[in-house]
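Chains as they are written, first to last, in my numbering: chain A, 1 to 115; chain B, 116 to 227.
Don't be surprised by glycine CBs; every beta carbon is placed ideally from N, CA and C.
Down below is the structure, laid out as structure tokens.
Next comes the structure, spelled out in structure tokens:
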């Protein structure tokens, strides 16, 4: 059963620490998305990659967030330094995007709490 | 910018009653449309999608949605609510630029 795997599921960290979230997309998918979910803002697109190349990261605070795909089986989202306002659930999703049909399969998320 | 509107953050429905969740999109360009469901502490799961093949789309768990271009709508329905339908439901749109934009979501509560 193919699925998107995210680690860790939960992370509690102190303000100022570096946080790294990892995602293993579904094999064969060409697009990876990072979303952030909060009560106030709902689901926000942070960044997405196509064939491992970043297509759009305009949703990310550039000074502290970075997203990479070192290889086809791993996507990472880093926050350095972390702040309490970064507390949220971060979702990775992958999809086989053809002709603009951006159907996405979601992981179970990383719940980040910055204290 | 592409966007979807979902009205009413919380929707209460009696068990066995019709579930109706409204979604309107903003564009004159036919989009790709999706409905996702999120159960507590889970990721989003695709319920159904519209990709211009048919205006009435059937999804999982007895849900269906109808694309109405004249109303720019893609409302989600289920004839008879079940307790297991309690979850949050998101409408999403893509206009062919690989971006998937989500509505604010509807939290569905099923009353026994």
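Selected residue, minimal CA-CA separation from residue i, among the options
i	options	result
residue 2 of chain A	A:112, A:47, A:110, A:94	A:94
residue 161 of chain B	B:147, B:118, B:153	B:153
residue 167 of chain B	B:158, B:157, B:183	B:183
residue 205 of chain B	A:11, A:14, A:42, A:27	A:42
residue 199 of chain B	B:122, B:180, B:124, B:131	B:131
residue 29 of chain A	A:112, A:111, A:110, A:92	A:92
residue 52 of chain A	A:104, A:4, A:25, A:84	A:25
residue 144 of chain B	B:179, B:187, B:134	B:187
residue 210 of chain B	B:149, B:191, B:134, B:138	B:149
Whether residue i touches residue j by CB criterion (9 Å)
i	j	result
residue 177 of chain B	residue 203 of chain B	no
residue 108 of chain A	residue 18 of chain A	no
residue 196 of chain B	residue 172 of chain B	no
residue 158 of chain B	residue 49 of chain A	no
residue 114 of chain A	residue 14 of chain A	yes
residue 140 of chain B	residue 119 of chain B	yes
residue 78 of chain A	residue 20 of chain A	yes
residue 12 of chain A	residue 75 of chain A	no
residue 9 of chain A	residue 111 of chain A	yes
Backbone CA spacing between residue i and residue j [nearest angstrom]
i	j	result
residue 189 of chain B	residue 97 of chain A	21 Å
residue 208 of chain B	residue 175 of chain B	19 Å
residue 225 of chain B	residue 126 of chain B	9 Å
residue 82 of chain A	residue 101 of chain A	34 Å
residue 61 of chain A	residue 46 of chain A	9 Å
residue 16 of chain A	residue 86 of chain A	11 Å
residue 6 of chain A	residue 70 of chain A	15 Å
residue 73 of chain A	residue 90 of chain A	18 Å
residue 155 of chain B	residue 169 of chain B	31 Å
residue 163 of chain B	residue 147 of chain B	11 Å
residue 193 of chain B	residue 128 of chain B	11 Å
residue 181 of chain B	residue 218 of chain B	17 Å
residue 122 of chain B	residue 40 of chain A	15 Å
residue 136 of chain B	residue 124 of chain B	10 Å
residue 56 of chain A	residue 65 of chain A	13 Å
residue 103 of chain A	residue 88 of chain A	23 Å
residue 215 of chain B	residue 201 of chain B	24 Å
residue 185 of chain B	residue 34 of chain A	33 Å
residue 84 of chain A	residue 63 of chain A	15 Å
residue 165 of chain B	residue 27 of chain A	24 Å
residue 58 of chain A	residue 23 of chain A	20 Å
residue 227 of chain B	residue 179 of chain B	22 Å
residue 191 of chain B	residue 142 of chain B	19 Å
Contact residues within the segment 153 to 181 of chain B, judged by C-beta distance below 9 Å to chain A
153, 156, 157, 158, 159, 160, 161, 164, 166
To test your reading of the DSSP string, which unbroken beta strand (DSSP E) runs of 3 or more residues are found completely within the segment 13 to 76 of chain A?
19 to 24, 31 to 38, 42 to 50, 53 to 56, 65 to 71
Quick one, which residues of the segment 37 to 68 of chain A are near chain B if we go by CB-CB under 8 Å, in chain order?
42, 43, 45, 48, 50, 55, 56
Residues of the segment 215 to 227 of chain B with a CB closer than 9 Å to any CB of chain A: list them in chain order, please.
215, 216, 217, 218, 219, 220
Unbroken beta strand (DSSP E) runs of length 3 or more, entirely within the segment 162 to 214 of chain B: which are they?
171 to 173, 179 to 183, 188 to 193, 202 to 209
At a Cβ cut of 8 Å, what residues of the segment 180 to 211 of chain B count as close to chain A, listed as they run along the chain?
205, 209, 210, 211
Anything in the segment 134 to 147 of chain B with a Cβ closer than 8 Å to a Cβ of chain A? List those residues in chain order, please.
147
Under 9 Å, CB to CB, which of the residues in the segment 95 to 109 of chain A have a partner in chain B?
95, 97, 99, 100, 101, 102, 103, 104, 105, 106, 107, 108, 109
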